[in-house]
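**Q**
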Amino acid sequence: MSFGQGGPFDGPGGSFSSTPDWDALADESEARSRRKRWLWIGGGALAALAVAGIVATAVISSGGDTPGGGPTAAPSSSGRTVPDDKPSFPDVSVPPPPNPHDYISDPKKDRAPLTPATLFPQKSMVVGEHSYPLTETAGTGDCTAGAQGALVSSLSHNGCKQLLRATYAKDGVAVTIGVAVFDSPAQATKVMNENRPNLMPLPGSGVPSGFCQGSKCQMTTNATGRYAYFTIAGHLDGTDVTGSDAGVRQISRDAGSYAFTRIAQRGKDQAAKAGEQQLKEAQEKARRRS
464 MSFGQGGPFD
474 GPGGSFSSTP
484 DWDALADESE
494 ARSRRKRWLW
504 IGGGALAALA
514 VAGIVATAVI
524 SSGGDTPGGG
534 PTAAPSSSGR
544 TVPDDKPSFP
554 DVSVPPPPNP
564 HDYISDPKKD
574 RAPLTPATLF
584 PQKSMVVGEH
594 SYPLTETAGT
604 GDCTAGAQGA
614 LVSSLSHNGC
624 KQLLRATYAK
634 DGVAVTIGVA
644 VFDSPAQATK
654 VMNENRPNLM
664 PLPGSGVPSG
674 FCQGSKCQMT
684 TNATGRYAYF
694 TIAGHLDGTD
704 VTGSDAGVRQ
714 ISRDAGSYAF
724 TRIAQRGKDQ
734 AAKAGEQQLK
744 EAQEKARRRS
């Protein structure tokens with residue numbers, strides 16, 4: 464008698480036996496049962512994946528929120544996604560803002576009116592907590608008329624175009640500021656380096672004509688852009704300035720700071736105006752393209 468499919472059973476060693484190997488038959492039956500269970504489990508997993516795919520598709524189609532993301536776009540009546548109805552604007556290419564220093568360095572750009580009234584418009588010189596009333600202003604195209612001593616030749620030889628002065632006074636001391644205008648920063652810097660700050664004091668409104676004439680006064684010189692600026696400060700009663708004169712030193716420092724601020728503000732004002740014009744032109748070009 465034989466068992467199995469198609470012949471006698473060969474054992475592990477390959478020898479023939481007329482008696483069935485019951486242990487081997489039991490093992491083979493158990494193996495077939497395990498394969499069936501794994502196939503069933505595998506089929507169940509595939510079915511679960513298919514169901515999950517159907518559910519995910521249903522969520523997306525219904526416009527629901529996806530995990531970790533925002534709501535999807537609502538479909539149109541034709542089934543296509545409707546884009547957001549937002550207006551589009553053409554890009555506006557805005558040039559970089561103008562540099563204010565360029566406008567006090569280049570006479571081709573520095574075209575704003577330049578008079579004592581525009582350079583010294585306030586009735587007082589205010590620097591920090593200190594305030595000094597304006598007593599007099601003057602302007603001239605003959606720079607030598609507002610200078611004395613060695614400054615006359617320095618301004619003349621370096622091509623000074625205009626000299627504007629203003630005097631401020633308070634508590635027995637006064638200061639005259641002088642601003643000389645040149646064609647280039649190099650000329651203004653040369654005048655500063657020559658260091659001949661013999662500015663002619665400007666009297667008026669309580670400042671006597673002999674102010675800083677024949678007495679020792681404190682003088683300074685500096686430059687920014689195409690402008691050189693000077694100060695001369697002293698006592699209204701004609702006494703000499705000494706190292707202990709705190710009031711003279713203070714008004715001299717404040718006058719130098721104020722002169723620089725006024726020149727710098729001139730550059731800022733012109734640069735701001737040019738920047739506004741550039742923005743308008745850029746917006747107009749963008750409007751034409753749209």
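In the working numbering, each residue's number is its place in the sequence shown (first place is 1) plus 463. All C-beta atoms in this analysis are idealised placements derived from N, C-alpha and C, irrespective of residue type, glycine included.
#1: Going by C-alpha distance, which of G591, A637, A651 and D573 is nearest I714?
#2: Just to confirm my understanding: we take Q733, look at its own chain, exclude 5 residues before and 5 after, and list those with CB closer than 6 Å. What are they?
#3: Specify the secondary structure class of K624 as computed by DSSP and reduced to three states.
#4: Return the chain-ordered list of same chain residues with a C-beta closer than 6 Å to the C-beta of T652, the five sequence neighbours on each side being excluded.
#5: Helix, strand or coil, according to DSSP, for A686 in the structure here?
#6: What is the rounded straight-line gap between the Cα of K736 and the Cα of K571?
#7: Determine the burial state of Q746: buried for a count of at least 16 other Cβ atoms within 10 Å of its Cβ, exposed for fewer.
#8: Going along the chain, which residues of its own chain have a beta-carbon closer than 6 Å to the beta-carbon of P664, five neighbours each way excluded?
#9: Please determine, among S678, A749 and F645, the residue with the shortest C-alpha to C-alpha distance to T705.
#10: Nearest CA to the CA of D634: which residue from D700, P558 and A718?
#11: Could you work out which residue in R725, T630, P579 and N656 is closest to L614 when comparing CA atoms only?
#12: What would DSSP say about Q746, mapped onto helix, strand or coil?
#13: At what residues does the beta strand (DSSP E) containing A601 begin and finish?
#14: Under 7 Å, do A604 and R628 count as touching if we go by C-beta distance?
#15: Considering only their Cβ atoms, is the gap separating G730 from H620 smaller than 7 Å?
#16: Give me whichever residues DSSP pairs with K633 in a beta bridge.
#17: Can you tell which of P579, L626 and E592 has the C-alpha that lies nearest to the C-alpha of Y690?
#18: Is it the case that the Cβ atoms of F583 and T600 are separated by a distance below 7 Å?
#19: So what does I754 bridge to, in DSSP terms?
#20: To the nearest angstrom, how far is it from the Cα of M588 to the Cα of L742?
#21: Since V589 is in the alpha helix (DSSP H), which residue starts that stretch and which ends it?
#22: Count the other C-beta atoms from every protein chain shown that fall within 10 angstroms of the C-beta of T683, then say buried if there are 16 or more, exposed otherwise.
#23: Can you tell me where the alpha helix (DSSP H) holding P577 begins and where it ends?
#24: In whole angstroms, what separates the C-alpha of L577 from that of V670?
#25: Helix, strand or coil, according to DSSP, for L614 in the structure here?
#26: Could you give the residue range of the alpha helix (DSSP H) that holds M663?
#27: Exposed or buried, which one is D703 when buried takes at least 16 other CB atoms within 10 Å?
**A** On the basis of the supplied data:
#1: A637
#2: Y566 and A575
#3: coil
#4: A686
#5: strand
#6: 15 Å
#7: exposed
#8: T639, F674, C675 and I695
#9: S678
#10: D700
#11: N656
#12: helix
#13: H593 to T603
#14: According to the sequence provided, residue 604 is Gly. The question's Ala does not apply to it. For G604 and R628, no; Cβs fall outside 7 Å.
#15: no
#16: V636
#17: L626
#18: yes
#19: This structure does not reach residue 754, given that the chain is present from 464 up to 753, and the question cannot be answered.
#20: 34 Å
#21: Counting along the chain, V589 falls outside any alpha helix (DSSP H), though it belongs to the beta strand (DSSP E) covering S587 to V590.
#22: buried
#23: In the sequence on display, residue 577 carries Leu and not Pro. Careful: L577 lies outside any alpha helix (DSSP H) and carries neither H nor E.
#24: 25 Å
#25: helix
#26: Where M663 is concerned, there is no enclosing alpha helix (DSSP H), given that its DSSP letter is neither H nor E.
#27: exposed
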